[in-house]
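For reference, the structure discussed in these notes is given below.
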Amino acid sequence: MCKIDGSVQSPPLSRNPEHPDRFMADHSAHADQSEQKRLSVGDLRSQRWFAPDDLRSFGHRSRLRQMGYSAEEAEGRPVIAILNSWSDLSQCHTHFPQRVQEVKRGVWQAGGFPVEIPVLALSEMFMKPTAMLYRNLLAMEAEEVLRSHPVDGAVLMGGCDKTVPGLLMGAISADLPAVFLPAGPMLAGRHRNERLGSGTDVWKYWAERQAGCLDACVWRQIEEGIARSAGTCMTMGTASTLAAVAETLGMTLPGAATIPAVHSAHARMAAACGRRIVDMVWEDLRPSRILSAASFDNAIVADMAMAGSTNAIVHLLALAGRAGVSLQLDRFDTISRSTPVIVNLRPAGEFLMEDFHDAGGVPALLSRLRHLLSLDCPTVSGKTLGENIADAEVIDDRVILPFDRPLSRAGGTFVLRGSLAPDGCVIKPTAADPKLLVHTGRAVVFDSYPDMKARIDDPAEGITADDVLVLRNAGPLGAPGMPEWGMLPIPKRLLEQGVRDMVRISDARMSGTSYGTCVLHVAPEAALGGPLAIVQTGDRIALDVEARSIDLIVPEAEIARRLAHWTPPQARFTRGYGKLFLDQTTQADHGCDFRFLERGGPTPEPDIF
Ligand code: FES
Numbered sequence: 003m004c005k006i007d008g009s010v011q012s013p014p015l016s017r018n019p020e021h022p023d024r025f026m027a028d029h030s031a032h033a034d035q036s037e038q039k040r041l042s043v044g045d046l047r048s049q050r051w052f053a054p055d056d057l058r059s060f061g062h063r064s065r066l067r068q069m070g071y072s073a074e075e076a077e078g079r080p081v082i083a084i085l086n087s088w089s090d091l092s093q094c095h096t097h098f099p100q101r102v103q104e105v106k107r108g109v110w111q112a113g114g115f116p117v118e119i120p121v122l123a124l125s126e127m128f129m130k131p132t133a134m135l136y137r138n139l140l141a142m143e144a145e146e147v148l149r150s151h152p153v154d155g156a157v158l159m160g161g162c163d164k165t166v167p168g169l170l171m172g173a174i175s176a177d178l179p180a181v182f183l184p185a186g187p188m189l190a191g192r193h194r195n196e197r198l199g200s201g202t203d204v205w206k207y208w209a210e211r212q213a214g215c216l217d218a219c220v221w222r223q224i225e226e227g228i229a230r231s232a233g234t235c236m237t238m239g240t241a242s243t244l245a246a247v248a249e250t251l252g253m254t255l256p257g258a259a260t261i262p263a264v265h266s267a268h269a270r271m272a273a274a275c276g277r278r279i280v281d282m283v284w285e286d287l288r289p290s291r292i293l294s295a296a297s298f299d300n301a302i303v304a305d306m307a308m309a310g311s312t313n314a315i316v317h318l319l320a321l322a323g324r325a326g327v328s329l330q331l332d333r334f335d336t337i338s339r340s341t342p343v344i345v346n347l348r349p350a351g352e353f354l355m356e357d358f359h360d361a362g363g364v365p366a367l368l369s370r371l372r373h374l375l376s377l378d379c380p381t382v383s384g385k386t387l388g389e390n391i392a393d394a395e396v397i398d399d400r401v402i403l404p405f406d407r408p409l410s411r412a413g414g415t416f417v418l419r420g421s422l423a424p425d426g427c428v429i430k431p432t433a434a435d436p437k438l439l440v441h442t443g444r445a446v447v448f449d450s451y452p453d454m455k456a457r458i459d460d461p462a463e464g465i466t467a468d469d470v471l472v473l474r475n476a477g478p479l480g481a482p483g484m485p486e487w488g489m490l491p492i493p494k495r496l497l498e499q500g501v502r503d504m505v506r507i508s509d510a511r512m513s514g515t516s517y518g519t520c521v522l523h524v525a526p527e528a529a530l531g532g533p534l535a536i537v538q539t540g541d542r543i544a545l546d547v548e549a550r551s552i553d554l555i556v557p558e559a560e561i562a563r564r565l566a567h568w569t570p571p572q573a574r575f576t577r578g579y580g581k582l583f584l585d586q587t588t589q590a591d592h593g594c595d596f597r598f599l600e601r602g603g604p605t606p607e608p609d610i611f
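3 is the number of the first residue of the sequence shown in this note's numbering; add one for each residue after it.
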């Protein structure tokens with residue numbers, strides 16, 4: 003419990019046996035919510051700022067008056083921070099200025115005091131080289147604005163890809179009661195009689211345009227019809243995956259993940275979040291009482307059943323690191339083996355997010371996965387996951403498939419290892435051409451994204467459909483920021499011949515809306531001297547997805563010889579945030595968080611002088 007002296011009673015910590023430099027939280031101490039006593043006004047964290055009869059508190063109260071708040075309006079109420087990741091360039095959050103008013107309405111209704119705090123709006127489309135470079139910056143900002151201000155709980159408003167993990171990572175580390183409000187998906191895209199899916203159909207039609215099969219007029223019509231409203235990408239991309247993962251973790255209210263951004267239910271959900279967070283403060287229901295190894299397993303089950311974005315793996319590893327939960331990359335593969343894909347959404351399937359919502363959304367999906375889940379996990383609703391989904395039903399079996407008629411018998415993402423990726427890499431087989439899942443071919447190596455752009459369409463390269471395209475120095479440190487460059491383009495000459503997929507390997511990520519036989523997140527990355535750094539054009543690479551292997555067919559002694567002569571690329575940044583990122587970011591198999599932000603010893607509350 004948070005007392006007036008500011009001490010925070012989070013779960014006790016113990017050393018993680020697999021990573022002695024990290025700590026694990028003992029979540030069993032908080033497993034039973036019913037044992038938790040409700041806070042009283044004197045227990046509120048904000049009371050440290052406002053209650054004492056001293057000069058500092060006089061200053062805090064008088065400045066509330068300056069902002070036009072009376073004592074009756076502001077004092078003795080839980081102060082709720084609404085972290086709003088909105089800007090004029092956050093294309094998926096254009097409805098947030100209205101939604102924040104609805105969250106405030108809910109907070110007032112429940113007797114709280116809402117304060118909107120703008121935070122870094124990570125724009126997936128406009129930030130270069132990638133919004134991922136700044137995920138940890140948002141996480142730091144979210145944690146520190148919560149810690150430094152007189153707030154008792156938070157509503158986290160995000161949705162566009164990295165805003166979800168960024169806000170959640172910060173809130174987990176701050177460990178104040180927090181509920182996540184997903185932005186919701188945009189309306190389905192449309193061109194003439196065809197429904198268009200974010201990203202997925204863009205890649206598809208761009209390939210047709212490159213192949214000379216689509217004229218400029220149609221391409222322009224698609225540009226105007228692909229994104230028709232506020233909201234996040236409406237395929238099972240990273241935003242949709244992470245919203246559903248957040249709901250399954252227990253960090254959103256039931257049903258929140260799939261409500262379309264412009265649906266009136268989204269406004270009602272915003273107000274419900276505002277009402278609920280006030281109760282969560284009185285219940286002292288913090289992330290540390292919600293998140294556990296079991297809740298992360300639940301989230302991975304949902305991810306696999308949705309054929310979710312490969313990005314979810316990196317973000318879940320980072321979230322677990324913040325929560326003090328020991329989660330390894332191989333856990334995703336273990337769960338994948340026993341979890342069929344039953345959500346029929348693009349890019350792996352057919353439908354779009356509003357169909358998923360109308361089919362019952364995440365509660366309906368989880369009701370179908372019930373036997374694979376730990377149903378006693380707590381959630382922000384104050385009920386267990388099992389209680390949240392007790393009445394859920396699947397409305398449309400075409401969208402959420404019956405368990406015995408899956409899209410794929412195994413889950414959406416596999417983890418591969420081998421001489422090319424000793425620390426692992428990932429592939430989404432449901433988005434790949436089945437004929438390429440076992441493949442050996444000649445490597446064609448690109449040293450960087452600009453190198454790839456310059457050479458990929460050059461006929462002199464002599465690239466064939468059987469070759470394996472390799473992009474390196476595109477990882478967390480190499481790019482830096484691990485951009486979504488992993489779906490390397492098919493050479494134009496091959497597109498014209500009808501080729502639509504090839505084996506592609508990189509230390510980059512790939513958009514969740516992308517598809518193809520793309521091996522991603524190779525670790526260690528090339529810029530760190532992983533074997534990817536010494537692959538040469540002409541080497542042979544063997545991929546066997548079923549065997550979970552990816553190997554460079556080069557004698558070990560030759561690999562060692564090349565590595566001995568390898569020199570690291572010059573660091574892109576020698577100062578500023580980029581330097582911090584290069585110095586502190588972990589590899590993909592650890593979630594790419596900053597080392598000093600993973601859960602360690604307790605962080606002190608600010609002194610109030
Ligand atoms: Fe925002 Fe896809 S660009 S979710």
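Think of the CB as a built atom: it goes at the ideal place given N, C-alpha and C, for glycine as much as any other residue. Keep in mind that this is a model prediction, so the values were computed, not measured.
Can you tell me whether Thr336 is helix, strand or coil according to DSSP? If you number the sequence shown from 1, residue 336 lands on position 334. It is helical.
Within the same chain, show all residues whose beta-carbon is closer than 6 Å to that of Asn86, passing over the 5 residues directly before and after it, in chain order. Position 84 of the sequence shown, counting from 1, holds the residue named residue 86. Here the set comprises Phe98, Val102, Glu118, Pro120 and Met159.
Nonlocal neighbours in the same chain, by C-beta distance under 6 Å from Gly168, ignoring five residues either side: Along the sequence shown, read from residue 1 onward, the residue named residue 168 stands at position 166. Hits under 6 Å: Arg137, Leu140 and Ala141.
Going by DSSP, which residues form a beta bridge with Arg197? In the sequence shown, residue 197 corresponds to position 195, counting from 1. When beta bridges are read from the DSSP output, Arg197 appears opposite Arg192.
Classify Thr240: buried if its beta carbon has 16 or more other beta carbons within 10 angstroms, exposed otherwise. One-based indexing of the sequence shown puts residue 240 at position 238. Counting of Cβ neighbours within 10 angstroms places Thr240 among the buried residues, the total reaching 16 or more.
Can at least three beta-carbon pairs, one atom from the region 484 to 498 and one from the region 510 to 528, be found at a separation below 8 Å? Output reads yes: the region 510 to 528 touches the region 484 to 498.
When the Cα atoms are used, what is the spatial distance from Asp23 to Leu479? In the sequence shown, residue 23 corresponds to position 21, counting from 1. In the sequence shown, residue 479 corresponds to position 477, counting from 1. Because Asp23 sits at a pLDDT of 41, beneath the cut-off of 50, its placement in the model cannot be relied upon, and the point is left open.
Just list the residues that DSSP pairs Arg444 with in beta bridges. Taking the sequence shown and counting its residues from 1, the one referred to as residue 444 is at position 442. Its beta-bridge partners are Arg542.
Backbone CA spacing between Ala529 and Arg474 [nearest angstrom]: Start at 1 with the first residue of the sequence shown, and residue 529 comes out as number 527. Start at 1 with the first residue of the sequence shown, and residue 474 comes out as number 472. One C-alpha to the other measures close to 8 Å.
By how many angstroms is the C-alpha of Gly532 removed from the C-alpha of Ser516? Along the sequence shown, read from residue 1 onward, the residue named residue 516 stands at position 514. Along the sequence shown, read from residue 1 onward, the residue named residue 532 stands at position 530. Distance between the alpha carbons of Ser516 and Gly532 is about 25 Å.
Give the secondary structure of Ala590 by DSSP, where H, G and I count as helix, E and B as strand, and everything else as coil. On the sequence shown, position 588 is the one that residue 590 refers to. Here Ala590 sits in helix by DSSP.
Sheet register partners of Asn138 (DSSP bridge): If you number the sequence shown from 1, residue 138 lands on position 136. Under DSSP, Asn138 takes part in no beta bridge, so it has no partner.
With hydrogens ignored, establish whether the beta-carbon of Thr234 is closer than 7 Å to any heavy atom of the ligand FES. Here residue 234 refers to the residue found at position 232 of the sequence shown. Yes.
Selection from Ile555, Gly70, Leu534 and Glu548 that minimises the alpha carbon distance to Asp541: As a first step, residue 541 must be located in the sequence shown, where it is residue number 539. Distance from the Cα of Asp541 is smallest, within the candidate group Ile555, Gly70, Leu534 and Glu548, for Ile555.
Give me the Cα-Cα distance between His256 and Thr312, rounded to the nearest whole angstrom. On the sequence shown, residue 256 is found 254 positions in, with the first residue counted as 1. On the sequence shown, residue 312 is found 310 positions in, with the first residue counted as 1. A quick correction: the sequence has Pro, not His, at residue 256. Answer to the nearest angstrom: the Cα atoms are 24 Å apart.
Following a CB-centred definition, is Glu146 positioned closer than 7 Å to any heavy atom of the ligand FES? Along the sequence shown, read from residue 1 onward, the residue named residue 146 stands at position 144. For the ligand FES, no non-hydrogen atom lies closer than 7 Å to the CB of Glu146.
Proximity below 8 Å, CB of Cys162 to CB of Ser89: The residue given as residue 162 occupies position 160 in the sequence shown. The residue given as residue 89 occupies position 87 in the sequence shown. Not closer than 8 Å, so no.
For the pair the region 393 to 401 and the region 312 to 328, tell me if three or more CB-CB distances fall below 8 Å. No contact exists between the region 393 to 401 and the region 312 to 328.
Shortest alpha-carbon distance to Pro80 belongs to which of Phe598, Arg574, Asp335 and Lys106? Position 78 of the sequence shown holds residue 80. When the alpha-carbon of Pro80 is set against those of Phe598, Arg574, Asp335 and Lys106, the nearest one is in Lys106.
Can you give the Cα-Cα distance for His268 and His359, rounded to whole angstroms? Position 266 of the sequence shown, counted from the first residue, corresponds to residue 268. Position 357 of the sequence shown, counted from the first residue, corresponds to residue 359. Whole-angstrom Cα-Cα distance: 12 Å.
What residues in its chain sit with their C-beta under 6 Å from that of Arg506, if we drop five residues either side in the sequence? In the sequence shown, the residue the question calls residue 506 occupies position 504. Apart from the 5 residues on each side of it in sequence, Arg506 sits with its Cβ closer than 6 Å to the Cβ of Leu471, Leu490 and Cys520 in its chain, given in chain order.
Scan the region 433 to 486 and note each continuous beta strand (DSSP E) run of 3 residues or more that stays entirely inside, going in chain order. Counting whole runs of 3 or more residues, the region 433 to 486 contains the beta strand (DSSP E) stretches 440 to 448 and 470 to 473.
Report the rounded CA-to-CA distance for Phe611 versus Leu293, giving the unit in angstroms. Taking the first residue of the sequence shown as position 1, residue 611 is located at position 609. Taking the first residue of the sequence shown as position 1, residue 293 is located at position 291. Straight-line Cα distance between these residues: approximately 33 Å.
Presumed contact (8 Å Cβ cut-off) between Met306 and Gly414, rounded CB distance: Mapped onto the sequence shown, residue 306 falls at position 304. Mapped onto the sequence shown, residue 414 falls at position 412. Taking the Cβ atoms as the reference, Met306 lies roughly 5 Å from Gly414, within the contact range of under 8 Å.
DSSP state of Arg597 mapped onto helix, strand, coil: Here the question's residue 597 lines up with position 595 in the sequence shown. The three-state secondary structure of Arg597, taken from DSSP, is helix.
In the DSSP assignment, what residue or residues form a beta bridge with Cys427? In the sequence shown, counting from the first residue as 1, residue 427 sits at position 425. Beta-bridge pairing links Cys427 to Leu418.
Start and end of the alpha helix (DSSP H) containing Met512? Position 510 of the sequence shown, counted from the first residue, corresponds to residue 512. Boundaries cannot be given for Met512, as no alpha helix (DSSP H) includes it and DSSP labels it neither H nor E.
Per-residue burial, Leu57 [other beta carbons within 10 Å of its own, 16 or more giving buried]: Here residue 57 refers to the residue found at position 55 of the sequence shown. It is exposed - the Cβ of Leu57 has fewer than 16 other Cβ atoms within 10 Å.
For Pro120, the first and last residue of its enclosing beta strand (DSSP E): Walking along the sequence shown from the start, residue 120 turns up at place 118. Looking at the DSSP string, the run of the beta strand (DSSP E) that includes Pro120 is Phe115 to Pro120.
Through-space distance from Thr336 to Met238, alpha-carbon basis: Taking the sequence shown and counting its residues from 1, the one referred to as residue 238 is at position 236. Taking the sequence shown and counting its residues from 1, the one referred to as residue 336 is at position 334. So the alpha carbons of these two residues sit roughly 22 Å apart.
How far does the alpha helix (DSSP H) with Asn300 in it reach, from first residue to last? Numbered from its first residue, the sequence shown carries residue 300 at position 298. Ala295 to Ala307 is the span of the alpha helix (DSSP H), which, as asked, contains Asn300.
Using C-beta distances below 6 Å, list every residue in its chain close to Ala304, excluding the 5 sequence neighbours before and after it, in chain order. One-based indexing of the sequence shown puts residue 304 at position 302. Exclusion of the five residues before and after Ala304 leaves Ala246 and Thr250 as the residues of its chain whose Cβ lies within less than 6 Å of its Cβ.
Pick from Val382, Gly363, Leu387 and Leu244: whose alpha carbon is nearest that of His373? As a first step, residue 373 must be located in the sequence shown, where it is residue number 371. Taking only the C-alpha atoms, the option nearest His373 is Leu387.
Can at least three beta-carbon pairs, one atom from the region 174 to 192 and one from the region 346 to 363, be found at a separation below 8 Å? Touching, yes, given that three or more Cβ pairs across the two stretches are closer than 8 Å.
Option in Ala213, Glu146, Leu135 and Asp281 with minimal Cα separation from Ala112: To locate residue 112, count along the sequence shown from 1; it is residue 110. With distances taken between Cα atoms, Ala112 lies closest to Asp281.
Per DSSP, Ile552 forms a beta bridge with which residues? On the sequence shown, residue 552 is found 550 positions in, with the first residue counted as 1. Beta-bridge pairing links Ile552 to Leu545.
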